[in-house]
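Structure first, then comments.
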Amino acid sequence: MKNTILLPICFIGQTLAISLLGACSDTSDSAGNDTASMVDEYSGEPYFVGGVWRGYGWTGTGDAPGGVINELTQNFLLGTDPVCVSGTLAASYQSLGVWGMHVNQAVNDVPQPWSPGNNFTGVSVTVSLNQPAGAVRMELMGIDGATYCATLQNGVNTLSWENFTTQCWWGSGSEYYPTVSIDSIQVYAAGADTMTQSFDFCINDIHPIAGSVEVDTDFDTGTPLAVNKFVGNITTGWNGDINVNGLNFSDYWDQVTPENAGKWGSVEQAARGPRNWGTLDGIYAYTEANGIQFKQHAFVWGNQAPENSGILQESDVKSWMTEFCTRYPNTQLIDVVNEPPPHTEPEYAANIGGGTNGDWAWIVNAFTWAREACPNAILILNDYNNIEWSNDNQHFIDIAVAVRDAGAPIDAVGAQAHDLDHSGVSADTVKSLLAKLHNDTGLPVYISELDISTKNDGKQLDLYKTYIPWLLETEYVHGITVWGWIVGQTWSQAADSGLVDGTTPRPAMTWLMNSLGRPALN
Numbered sequence: 000m001k002n003t004i005l006l007p008i009c010f011i012g013q014t015l016a017i018s019l020l021g022a023c024s025d026t027s028d029s030a031g032n033d034t035a036s037m038v039d040e041y042s043g044e045p046y047f048v049g050g051v052w053r054g055y056g057w058t059g060t061g062d063a064p065g066g067v068i069n070e071l072t073q074n075f076l077l078g079t080d081p082v083c084v085s086g087t088l089a090a091s092y093q094s095l096g097v098w099g100m101h102v103n104q105a106v107n108d109v110p111q112p113w114s115p116g117n118n119f120t121g122v123s124v125t126v127s128l129n130q131p132a133g134a135v136r137m138e139l140m141g142i143d144g145a146t147y148c149a150t151l152q153n154g155v156n157t158l159s160w161e162n163f164t165t166q167c168w169w170g171s172g173s174e175y176y177p178t179v180s181i182d183s184i185q186v187y188a189a190g191a192d193t194m195t196q197s198f199d200f201c202i203n204d205i206h207p208i209a210g211s212v213e214v215d216t217d218f219d220t221g222t223p224l225a226v227n228k229f230v231g232n233i234t235t236g237w238n239g240d241i242n243v244n245g246l247n248f249s250d251y252w253d254q255v256t257p258e259n260a261g262k263w264g265s266v267e268q269a270a271r272g273p274r275n276w277g278t279l280d281g282i283y284a285y286t287e288a289n290g291i292q293f294k295q296h297a298f299v300w301g302n303q304a305p306e307n308s309g310i311l312q313e314s315d316v317k318s319w320m321t322e323f324c325t326r327y328p329n330t331q332l333i334d335v336v337n338e339p340p341p342h343t344e345p346e347y348a349a350n351i352g353g354g355t356n357g358d359w360a361w362i363v364n365a366f367t368w369a370r371e372a373c374p375n376a377i378l379i380l381n382d383y384n385n386i387e388w389s390n391d392n393q394h395f396i397d398i399a400v401a402v403r404d405a406g407a408p409i410d411a412v413g414a415q416a417h418d419l420d421h422s423g424v425s426a427d428t429v430k431s432l433l434a435k436l437h438n439d440t441g442l443p444v445y446i447s448e449l450d451i452s453t454k455n456d457g458k459q460l461d462l463y464k465t466y467i468p469w470l471l472e473t474e475y476v477h478g479i480t481v482w483g484w485i486v487g488q489t490w491s492q493a494a495d496s497g498l499v500d501g502t503t504p505r506p507a508m509t510w511l512m513n514s515l516g517r518p519a520l521n
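One point on numbering: in numbering that gives the first Met the number 0, the residue at position 358 of the sequence shown is 357, and numbering is uninterrupted.
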């Protein structure tokens, strides 16, 4: 069932019209009704003002042919001038009676992103549902195409940001977070597959509600965040140390990932040679004794494989997985395939199914065999750059969707999150790409290798305060693994990401422990 839309966005009032679905056009009948499914572009575009929101607007009827909606040709000051739209919906969930507007667009200028931050608490919408047909909803449209909706009732609707979700018609989905930038808003009457319907509603007023809303936990208060997901870390160094410098790992972290000890090449130096499980045995025993989660990293990876790995076959991969899962039966999470192409590719990929840049059969097989070996673990496809850079994001999504649709028992995706401190990466970009990663795959996300690498304590603290509360509050993020905690003993490409200098906590560590309600280092 599809009850929401992405209408083509035309930059109304500009000489260039851009559409996601096709060229925008005005196709009106002699009575002035819009019979096109595209967004209007016509002489005398209406301009709307609703509180601090302002921009050119449109009407439309969604993706299904046969819908009709009246055109709007005057400017409106919402709260003073009611905006009324009416028409007929075709017999389709994709038929919608839509009014919309850009929210941050000056007259004769292009739309700009807008986010409420902590300056607005939600939206006030006053509507008259004269003939609503199906449900009438308001929709926030993210700059990346993500949409968040809330169902409207007749009269005044006071909506907080958490009322807007990606699947409001089911009462579910991911909530809108007020640091995510939006481009526009829409109000629409939803059609139904069973019948054509008439609709008639008026938007009497619409504006964001001014007021302060706390979107981060303050550093000084020590008020714990509501946490029902793990915030873990990795072992320290190649030798798999867990407790370091007299500090007990399990006091501060409730999940552990072996940094190197779990990689196939660390256990089995040469293909089909003896396997050395000693370091992993110690790490796993620690998790069992201390009641913290154990994650395997990683079963299949293009790097750190056994020497001469090109000879490995299906039986070798199955043997590796089966022996691991038999030895460590309470493993909760597994990076089954780490950093797929174009980042890395195992030398033995062709031997276990091939399909690179096609059906990815070797990845499908790896997940199938991992499920057979470890039936109770959460199986993850893990990669880097997939929430920081749009090209990597889309390529990773394409692989995840392909293997999922091919029957791979993939339970979740992993976002390493190594580039959150990159000068070219913004919080809005990360949040929109993470939402796209979840929405397009339909899978939960684990933040698998987070590090904030900077010598500047204040910058590190600010970035932790920007990302951690949001990640913990985002429903589809199921856990966070920080990639190293001791200064000077983190991985070489993030040398300044450590949170504890010897036994002295950096401000980000103090804030994080206070926020999680965990012991503070003195």
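In this text, a Cβ means the ideal position worked out from N, Cα and C, and glycines have one as well.
Predicted model only: the values in this text are computed from it and were never measured.
For G261 and F293, the rounded distance between their alpha carbons: 11 Å
The region 52 to 66 contacting the region 103 to 114, beta-carbon criterion three pairs below 8 Å: yes
The alpha helix (DSSP H) enclosing G264, as first and last residue numbers: That run of the alpha helix (DSSP H) goes W263 to V266.
DSSP-derived helix/strand/coil call for G501: coil
Within 8 Å, strictly: CB atoms of S183 and M137: no
Residue(s) in a DSSP beta bridge with S197: T87
Local Cβ density within 10 Å of W169, reported as buried at 16 or more and exposed below that: exposed
Residues near A522 in its chain [Cβ-Cβ closer than 7 Å; skip 5 each side]: It is not possible to answer for residue 522, since the shown part of the chain is limited to 0 through 521.
Beta-carbon proximity check, T125 vs D204, cutoff 8 Å: yes
Among G61, L128, A369 and W57, nearest to P328 - alpha-carbon criterion: From the listed residues G61, L128, A369 and W57, the smallest Cα separation to P328 is found for A369.
Any non-hydrogen atom of the ligand FAD closer than 7 Å to K317 Cβ: This structure lacks the ligand FAD, and indeed carries no ligand of any kind.
The region 233 to 244 / the region 192 to 208 touching (three or more Cβ pairs under 8 Å): Short answer: they don't touch.
Cβ separation of G309 and T502, assumed to be a contact under 8 Å, to the nearest whole Å: By a beta-carbon distance limit of 8 Å, G309 does not contact T502. Their separation comes to about 46 Å.
Span separating the alpha-carbon of F229 from that of A134: When only Cα atoms are considered, F229 and A134 end up about 38 Å apart.
Neighbour-count burial assignment, T193, 16 or more Cβ in a 10 Å radius: exposed
Length of the line joining the Cα atoms of V82 and N118: 26 Å
V429 and L419 closer than 8 Å at C-beta: yes
Counterpart residues of K464 in DSSP-defined beta bridges: In DSSP, K464 forms no bridge with anything.
Q93 burial status per 10 Å Cβ neighbour count (16 or more: buried): buried
Terminal residues of the alpha helix (DSSP H) in which G277 lies: G277 to N289
Nearest-angstrom beta carbon gap, Y46 and N74 [assumed within contact, 8 Å]: The beta-carbon distance between N74 and Y46, rounded to whole angstroms, is 5 Å. This is short enough to meet the 8 Å contact definition.
Classification of D382 by the beta-carbon crowding that lies within 10 angstroms, buried from 16 upward: buried
Span of the alpha helix (DSSP H), counted from its first residue to its last, around K532: Residue 532 is absent from the model: the chain starts at 0 and stops at 521.
V486 - DSSP class collapsed to helix/strand/coil: coil
Test item: CB-CB of D500 and V486 under 8 Å: yes
Cα-Cα separation between T258 and W361, rounded to whole angstroms: One detail in the question is off: residue 258 reads as Glu in this sequence, not Thr. Each residue's alpha carbon lies about 24 Å from the other.
Nearest-angstrom beta carbon gap, E313 and A269 [assumed within contact, 8 Å]: Not really, about 19 Å apart at Cβ, beyond 8 Å.
Assigned exposure category for R326 - 16 Cβ within 10 Å defines buried: exposed
Distance between W469 and V476 (C-alpha atoms, nearest Å): 9 Å
P408 vs L378 beta-carbon contact at 8 Å: yes
Rounded distance between the beta-carbons of L498 and R505, thought under 8 Å: 6 Å
Same chain, Cβ closer than 6 Å to R274, neighbours up to 5 away in sequence not counted: V266 and E267
3 or more residues per run - each beta strand (DSSP E) lying fully within the region 333 to 398: 377 to 382
C-alpha distance - E346 paired with W490, whole-angstrom precision: Between the C-alpha atoms of E346 and W490 there is a straight-line separation of about 25 Å.
Per-residue burial, K454 [other beta carbons within 10 Å of its own, 16 or more giving buried]: Flag for K454 reads exposed.
Residue interval of the beta strand (DSSP E) (run including D182): I181 to A189
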